[in-house]
Amino acid sequence: MNRRDLLKSGAVIFAGAANTTFQSASAQEKSAAQTQPSLEPSPGASYTPVVTLNGSTLPWKMENAVKAFHLIAEPVKREFAPGMVVNCWGYNGVTPGPTIECIEGDRVRIYVTNRLKEHTTIHWHGIFLPNGMDGVGGLNQPQIQPEETFVYEFTLRQNGTFLYHPHADEMVQMALGMYGMFIVHPKVPENPRIDRDYAFILHNFDVKAGTATPDPSVMTNFNMWTFNSRVFPGIDPLVARLGDRVRVRIANLSMHEHPIHIHGTAFEVTGTDAGWLPLSARYKETTMLVPVGNIRVGEFIADAPGDWALHCHKSHHTMNAMGHDVPNMLGVDQREVAGKIQSLLPAYMAMGENGMAEHAAHSAMGHMPLPENTLAMMTGEGPFGPIEMGGMFTVVKIRENLAAGDYSDPGWYEHPEGSVAWKVSEAELKRIFG
Amino acid sequence: MADAVRALLRDKLTVDEAVQVALLNTPSLQAVYERLGVAQADVVHAGLLSNPVFSLGYQRSTTGVSHSKTNLGVTQDFLSILTLAPRKQLAGASFEKAKLAVGQEILRTAAEVKAVYYTVVGDAQALELFRQALTAAQAAAELAQRQYDAGTLSKREQRLQQAFYAQTLLDVAATELQLASDREKLNRMLGLWGANTIWQVPARLPEVPASAPLFEKLESVAIAERLDLAALKRERDIVAGSLGYTKDYRYLSVLGIGYGYERDILDETLRGPTLELGLPLFDRSQGNIARLESQLRETQRKLEALAIDIRSEAREAYTRVLAAQATVEHFKAAVLPVQQDIVNETLKFYNGMLLGIYDLLRAKQDQVAAGRDYIHAIKRYWLAYVDLEKALGGRLPAAAVTMNNPSEPTPTNDPIPARSRDEPMRVPDSGASSRTPQDVQDHLSHQPKGKQP
Chain A
1 MNRRDLLKSG AVIFAGAANT TFQSASAQEK SAAQTQPSLE PSPGASYTPV
51 VTLNGSTLPW KMENAVKAFH LIAEPVKREF APGMVVNCWG YNGVTPGPTI
101 ECIEGDRVRI YVTNRLKEHT TIHWHGIFLP NGMDGVGGLN QPQIQPEETF
151 VYEFTLRQNG TFLYHPHADE MVQMALGMYG MFIVHPKVPE NPRIDRDYAF
201 ILHNFDVKAG TATPDPSVMT NFNMWTFNSR VFPGIDPLVA RLGDRVRVRI
251 ANLSMHEHPI HIHGTAFEVT GTDAGWLPLS ARYKETTMLV PVGNIRVGEF
301 IADAPGDWAL HCHKSHHTMN AMGHDVPNML GVDQREVAGK IQSLLPAYMA
351 MGENGMAEHA AHSAMGHMPL PENTLAMMTG EGPFGPIEMG GMFTVVKIRE
401 NLAAGDYSDP GWYEHPEGSV AWKVSEAELK RIFG
Chain B
1 MADAVRALLR DKLTVDEAVQ VALLNTPSLQ AVYERLGVAQ ADVVHAGLLS
51 NPVFSLGYQR STTGVSHSKT NLGVTQDFLS ILTLAPRKQL AGASFEKAKL
101 AVGQEILRTA AEVKAVYYTV VGDAQALELF RQALTAAQAA AELAQRQYDA
151 GTLSKREQRL QQAFYAQTLL DVAATELQLA SDREKLNRML GLWGANTIWQ
201 VPARLPEVPA SAPLFEKLES VAIAERLDLA ALKRERDIVA GSLGYTKDYR
251 YLSVLGIGYG YERDILDETL RGPTLELGLP LFDRSQGNIA RLESQLRETQ
301 RKLEALAIDI RSEAREAYTR VLAAQATVEH FKAAVLPVQQ DIVNETLKFY
351 NGMLLGIYDL LRAKQDQVAA GRDYIHAIKR YWLAYVDLEK ALGGRLPAAA
401 VTMNNPSEPT PTNDPIPARS RDEPMRVPDS GASSRTPQDV QDHLSHQPKG
451 KQP
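Just so you know, the sequences run in chain order A and B. Position 72, counted from 1, in the first sequence is what the working numbering calls 72; the numbers after and before it change by one each time, with no gaps. Position 46, counted from 1, in the second sequence is what the working numbering calls 46; the numbers after and before it change by one each time, with no gaps.
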């Protein structure tokens with residue numbers, strides 16, 4: 001082939017270089033990412049069913065006296081927040097997988113079908129069961145090959161908050177989003193009664209800007225921090241009626257500990273993945289630390305109406321993807337140079353001199369296009385202005401007049417007159433302080 | 001003449017105008033034209049008869065008797081009269097050969113002028129783009145300084161940016177120097193000095209056609225058009241003519257007819273015609289004939305060798321043009337769009353605060369580098385085009401003209417427009433050439449159209 005033909009054949013590749021298709025979430029995927037209603041307790045049982053934030057509960061079939069569940073391990077597409085859809089692996093079309101909810105004493109039979117292209121298993125984190133049901137591939141069972149279905153069967157002899165996740169090619173499969181909650185209610189109704197029972201799993205992904213698939217070889221340097229595979233502004237609010245006893249069950253499958261902070265009230269730490277703390281051992285804090293591989297249950301009385309932030313207190317966990325090697329422009333006067341750069345790049349805007357808020361404002365207004373499938377680092381609109389958050393951030397909305405089983409978003413809080421911080425003039429300031 | 005040159009130089013100088021200025025103005029080329037003047041004298045000389053020889057003798061007796069003999073004779077080398085016509089023809093052929101050699105020199109000069117012209121335009125166009133890279137490097141250096149002032153960059157990092165800017169300044173200065181040098185080269189080729197050196201060229205090289213030019217029978221065109229081949233053919237014809245002439249007259253070496261007058265000692269006058277005749281006993285011009293035959297063979301071989309070279313040059317030059325066109329196409333279809341995408345996508349990453357301003361400026365500099373390579377590729381196309389013209393004898397066949405973009409300047413301004421295309425293998429007589437020496441002089445001094453001052 002002479003040089004001309006060589007160049008011409010190359011031209012075909014360049015002419016046809018289309019973009020990879022970043023689809024926005026389908027309607028079904030969008031609805032699956034919203035908090036689904038909980039399942040009614042079975043007849044005779046008396047518990048407040050758990051609500052899985054941005055997720056659902058797995059229905060069961062009674063097979064004689066056994067509760068039969070069907071989990072399908074498969075690739076899924078998950079919208080982390082509008083504008084970003086990620087190629088994950090999960091269960092039954094979603095990540096997190098649907099919550100398994102039972103009562104202590106139930107005998108459960110879980111059918112696990114593998115629709116991945118590699119083998120898998122499921123480990124039941126925290127549950128005491130026969131060794132062969134523990135789910136560590138190679139150790140306790142042969143792995144479930146693609147297209148095979150295995151059955152796990154055991155009797156629940158605990159109550160509390162547990163987790164399920166793969167234990168075959170574990171790092172990759174967990175990095176891609178395979179996990180779900182496993183809640184076991186006590187046989188005897190709880191006292192005091194829990195009015196609202198929320199559950200979510202903390203996780204981390206590395207979805208590099210402009211891509212759509214998490215990078216499983218990342219050890220600690222993640223960029224997307226999620227509650228139940230969602231990021232702010234995509235995480236649903238925790239809604240409660242004034243006076244409700246609210247329980248929040250938080251599992252941590254990520255590679256970092258997370259100090260989960262609540263505004264306006266404080267957690268009483270009541271449980272782990274090994275059971276409930278005795279009353280005298282319970283302690284209070286506004287920031288409940290959830291270590292790696294741990295589950296923490298915190299409870300509070302919703303005694304203050306309003307929109308209360310609930311978030312990880314590591315500030316970089318409340319940002320969406322950030323660049324870490326960008327030059328520090330704080331205090332740098334870029335005005336004169338900006339003109340020069342604009343002569344080369346008309347769409348350029350100088351940023352960073354006085355912090356990063358103006359970046360959030362520009363991208364919210366749509367001035368600055370971002371790479372494909374990438375969320376703005378700080379975003380979200382509140383009733384008073386931009387919230388400038390991302391990642392592990394959501395809101396506890398406590399309202400006075402809310403129906404008992406109403407978990408829908410009540411909108412923004414309407415503040416009573418005089419209870420919002422107000423602006424004063426320079427003159428006013430001088431008048432008081434001279 | 002000076003007015004004509006000034007008129008050509010007034011607006012942006014096109015490639016054809018540059019060639020015209022060179023043909024009108026360059027002292028070295030004027031010297032070449034003088035060769036035609038010298039050859040013309042040869043023709044005149046050959047047309048003259050050889051000068052008669054005047055002999056005078058005085059003889060005196062040595063025996064005492066007063067006896068003197070005076071002879072006076074006028075002999076005419078009548079050979080020269082008989083051979084006048086062939087000699088005149090051969091001298092005419094020599095003039096034709098000189099004319100073709102001069103023509104070849106003109107074409108060579110025109111091609112050189114065009115090459116330097118395109119180099120100047122290309123270098124100037126690339127330099128303008130290079131200045132954008134300089135702006136980017138300057139912006140980066142300024143930002144680094146301001147970052148250092150605000151305490152967000154170490155002195156080391158700031159110096160690194162400054163070093164890059166300093167180096168870029170050097171590179172731009174070197175490019176400017178190269179451009180100045182190329183401009184001077186063109187000034188020399190065009191014979192310009194003083195106020196005439198401030199000419200401007202268009203800001204951009206002409207567009208390269210979107211599809212490769214298609215020529216058929218390139219080799220035949222080259223063989224028909226190349227002046228150096230035609231000149232060598234003339235030389236062969238001259239040798240053949242000499243050979244024929246020598247063969248025809250080999251039995252005549254000396255032929256002298258004259259009148260003699262003698263007055264002897266007895267005071268008697270003797271008068272009468274004289275006749276000299278050389279007898280071709282020994283020398284029948286065998287040596288000359290053999291020499292000329294060998295020379296003829298040598299010239300014929302040279303002709304064949306030149307023809308082979310010309311065919312190969314034509315093929316090679318055409319291949320280079322095609323390759324250059326494909327390279328430019330590749331830049332337009334693949335390299336430049338990809339570089340633009342990289343800049344656009346990098347800006348998006350900058351917007352997301354995922355990459356910094358230095359990464360963005362570097363992407364711009366990479367784009368500028370690709371842009372400069374593109375301009376040099378266009379320049380190389382036009383240089384290859386000029387070489388193809390030269391290889392084909394100064395003008396591309398008509399087929400090429402229709403393939404070109406109509407808005408593009410047609411590169412076919414023939415420096416010798418009315419050049420005749422003599423048939424090969426025919427011994428030319430002086431009437432066959434349609435151009436007299438006077439025609440050549442007239443052309444070389446004619447005013448270019450539309451540029452009256």
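Glycine included, C-beta positions come from ideal geometry on N, C-alpha and C.
Check your understanding: Taking contact to mean at least 3 C-beta pairs separated by less than 8 angstroms, is the region 344-355 of chain B in contact with the region 368-385 of chain B?
Key -> Under the 8 angstroms Cβ criterion, the region 344-355 of chain B does not count as touching the region 368-385 of chain B, having fewer than three qualifying pairs.
Check your understanding: Expressed to the nearest angstrom, what Euclidean distance is found between the alpha-carbon atoms of residue 336/B and residue 206/B?
Key -> The residue labelled residue 336/B in the question sits at position 336 within the second sequence. The residue labelled residue 206/B in the question sits at position 206 within the second sequence. Taking the straight line joining both Cα atoms gives about 18 angstroms.
Practice item. Kindly indicate which residue of 112/A, 261/A, 434/A, 381/A has the alpha-carbon position closest to the one of residue 411/A. Key: The residue you call residue 411/A lines up with position 411 of the first sequence. Of the candidates 112/A, 261/A, 434/A, 381/A, the one whose C-alpha sits nearest the C-alpha of residue 411/A is 381/A.
Check your understanding: Buried or exposed: residue 277/B, going by 16 or more other Cβ atoms within 10 Å of its Cβ?
Key -> As a working mapping, residue 277/B is identified with position 277 in the second sequence. Residue 277/B should be labelled exposed.
Practice item. To the nearest angstrom, report how far apart residue 248/B and residue 288/B are at their CA atoms. Key: What you label residue 248/B is simply residue 248 of the second sequence in a count that begins at 1. What you label residue 288/B is simply residue 288 of the second sequence in a count that begins at 1. In a straight line, the C-alpha of residue 248/B is about 12 angstroms away from that of residue 288/B.
Point to revise | Any chain B beta carbon closer than 8 angstroms to residue 144/A | key: In the first sequence, the residue the question calls residue 144/A occupies position 144. Judged by the 8 angstroms Cβ criterion, residue 144/A is not in contact with chain B.
Exercise for review: Drop a sphere of 10 angstroms on the beta-carbon of residue 166/B, count the other beta-carbons inside from all chains shown, and report buried for 16 or more, exposed for fewer.
Suggested key: Translated into positions along the second sequence, residue 166/B becomes position 166. A residue is called buried once 16 or more other Cβ atoms fall within 10 Å of its Cβ, and residue 166/B, having fewer, is exposed.
Review point. Since residue 141/A sits in a beta bridge, which residues does DSSP pair it with?
Key: Numbered from 1 along the first sequence, position 141 holds the residue referred to as residue 141/A. Beta-bridge analysis with DSSP links residue 141/A to 137/A.
Review point. Going by DSSP, which residues form a beta bridge with residue 301/A?
Key: By 1-based counting over the first sequence, the position of residue 301/A is 301. According to DSSP, which records beta bridges pairwise, residue 301/A is partnered with 245/A.
Exercise for review: Alpha carbon to alpha carbon, how far is residue 332/A from residue 152/B? Give it in angstroms, no decimals.
Suggested key: Taking the first residue of the second sequence as position 1, residue 152/B is located at position 152. Taking the first residue of the first sequence as position 1, residue 332/A is located at position 332. Straight-line Cα distance between these residues: approximately 8 angstroms.
Point to revise | Cross-strand partners of residue 284/A (DSSP beta bridge) | key: Indexing the first sequence from 1 puts residue 284/A at position 284. 268/A, per the DSSP bridge assignment.
Review point. So, is residue 233/A buried or exposed, given that buried needs 16 or more other C-beta atoms within 10 angstroms?
Key: In the first sequence, counting from the first residue as 1, residue 233/A sits at position 233. Classification of residue 233/A: buried, given that the 10 Å Cβ count is 16 or more.
Review point. Count the other CB atoms within 10 Å of the CB of residue 391/B; is the residue buried (16 or more) or exposed (fewer)?
Key: Here residue 391/B corresponds to residue number 391 of the second sequence, with the count starting at 1. Buried: at least 16 other Cβ atoms inside 10 Å.
**Study point:** Residues that residue 61/A bridges to, as DSSP identifies them
**Key:** Mapped onto the first sequence, residue 61/A falls at position 61. Bridge partners of residue 61/A according to DSSP: 68/A.
Review point. Which one or two residues does DSSP pair with residue 73/A in a beta bridge?
Key: Position 73 of the first sequence, counted from the start, is the residue given in the question as residue 73/A. When beta bridges are read from the DSSP output, residue 73/A appears opposite 91/A, 114/A.
**Study point:** Members of the region 344-364 of chain A that neighbour chain B once the beta carbon cut-off is set at 9 angstroms
**Key:** Hits within the stretch, in order: 344, 345, 347, 348, 349, 350, 351, 352, 353, 356, 359, 362, 363.
Check your understanding: How many Å lie between residue 158/B and residue 212/A at the Cα?
Key -> Position 158 of the second sequence holds residue 158/B. Position 212 of the first sequence holds residue 212/A. Those two C-alpha atoms are separated by around 36 angstroms.
Check your understanding: Cβ of residue 377/A within 8 angstroms of Cβ of residue 362/A?
Key -> Residue 377/A sits at position 377 when you count from the first residue of the first sequence. Residue 362/A sits at position 362 when you count from the first residue of the first sequence. Contact flag unset, no.
Exercise for review: Thinking residue 121/A and residue 168/A are a contact (beta carbons under 8 angstroms), I'd like their distance in whole angstroms, please.
Suggested key: In the first sequence, the residue the question calls residue 121/A occupies position 121. In the first sequence, the residue the question calls residue 168/A occupies position 168. In this structure, residue 121/A and residue 168/A form a Cβ contact; the two beta carbons are roughly 5 angstroms apart against a cut-off of 8 angstroms.
Exercise for review: Return the chain-ordered list of same chain residues with a C-beta closer than 7 angstroms to the C-beta of residue 100/B, the five sequence neighbours on each side being excluded.
Suggested key: Reading the second sequence from its first residue, position 100 is the one you call residue 100/B. The residues 227, 230, 231, 234, in chain order, have a CB closer than 7 angstroms to that of residue 100/B in the same chain once the five nearest residues on each side in sequence are set aside.
Exercise for review: Indicate whether residue 189/A and residue 47/A have their beta-carbon atoms separated by less than 8 angstroms.
Suggested key: Taking the first sequence and counting its residues from 1, one reaches residue 189/A at position 189. Taking the first sequence and counting its residues from 1, one reaches residue 47/A at position 47. Result yes, Cβ atoms of residue 189/A and residue 47/A sit closer than 8 angstroms.
Review point. Is the Cβ of residue 377/B closer than 8 angstroms to any Cβ of chain A?
Key: Within the second sequence, the letter at position 377 stands for residue 377/B. So, not an interface residue.
Practice item. Closer than 8 angstroms, Cβ to Cβ, to anything on chain A: give me those residues from the region 344-377 of chain B, in chain order. Key: Of all residues in the region 344-377 of chain B, 345, 347, 348, 349, 350, 351, 352, 353, 354, 355, 356, 357, 358, 360, 361, 364 have a Cβ within less than 8 angstroms of some Cβ in chain A.
**Study point:** Beta-carbon contacts of residue 328/B that lie in its chain and below 7 angstroms, excluding the five residues immediately before and after
**Key:** The residue given as residue 328/B occupies position 328 in the second sequence. Excluding the 5 residues flanking it on each side, residue 328/B has same chain C-beta neighbours closer than 7 angstroms at 208, 377, 378, 381, in chain order.
Point to revise | Interfacial residues, the region 375-394 of chain A to chain B, with Cβ spacing under 8 angstroms | key: So the list reads 376, 377, given in the order they occur along the chain.
Check your understanding: When we look at the beta-carbon of residue 416/A and count the other beta-carbons within 10 Å, is it buried (16 or more) or exposed?
Key -> Position 416 of the first sequence, counted from the first residue, corresponds to residue 416/A. With fewer than 16 other Cβ atoms within 10 Å, it is exposed.
Check your understanding: Quick one: is residue 224/A near chain B, going by C-beta distance under 8 angstroms?
Key -> Translated into the one-based positions of the first sequence, residue 224/A becomes position 224. With 8 angstroms as the cut-off, residue 224/A does not count as an interface residue toward chain B.
Point to revise | Stretch pair the region 146-163 of chain A + the region 107-119 of chain A: three plus CB contacts closer than 8 angstroms | key: Using a Cβ-Cβ distance cut-off of 8 angstroms, the region 146-163 of chain A and the region 107-119 of chain A are in contact, since at least three pairs of beta carbons, one from each stretch, lie closer than that value.
Review point. Measuring CA to CA, which of 374/B, 267/B, 194/B, 154/B is closest to residue 333/B?
Key: Counting from one through the second sequence, the residue named residue 333/B turns up at place 333. Proximity to residue 333/B across 374/B, 267/B, 194/B, 154/B peaks at 374/B, based on C-alpha coordinates.
Check your understanding: Roughly how many angstroms separate the alpha carbons of residue 147/A and residue 345/A, rounded to a whole number?
Key -> Sequence index remark: in the first sequence, residue 147/A carries index 147 (1-based). Sequence index remark: in the first sequence, residue 345/A carries index 345 (1-based). Answer to the nearest angstrom: the Cα atoms are 53 angstroms apart.
Check your understanding: Among residues of its own chain, excluding the 5 on either side of residue 435/A, which ones have a beta-carbon nearer than 7 angstroms to its beta-carbon?
Key -> Outside the displayed range of chain A (1 to 434) lies residue 435/A, so it cannot be described from this structure.
**Study point:** Given 8 angstroms, three or more beta-carbon pairs between the region 206-223 of chain A and the region 368-377 of chain A
**Key:** Output reads yes: the region 368-377 of chain A touches the region 206-223 of chain A.
Exercise for review: Could you check the C-alpha separation between residue 360/B and residue 347/B for me, to the nearest Å?
Suggested key: To locate residue 360/B, count along the second sequence from 1; it is residue 360. To locate residue 347/B, count along the second sequence from 1; it is residue 347. So the two alpha carbons sit approximately 6 angstroms from each other.
Review point. Are the C-beta of residue 147/B and some C-beta of chain A separated by less than 8 angstroms?
Key: Along the second sequence, one-based indexing puts residue 147/B at 147. Yes, its Cβ sits closer than 8 angstroms to a Cβ of chain A.
Practice item. Quick one: using the 10 Å Cβ neighbour count with 16 as the cut-off for buried, is residue 326/A buried or exposed? Key: Within the first sequence, residue 326/A is the residue found at index 326, counting from 1. Counting Cβ neighbours within 10 Å, residue 326/A comes out buried, since at least 16 surround it.
**Study point:** DSSP three-state assignment for residue 215/A, whether helix, strand or coil
**Key:** For the purposes of this step, residue 215/A is identified with residue 215 of the first sequence, where counting begins at 1. In the three-state reduction of the DSSP assignment, residue 215/A falls in the coil class.
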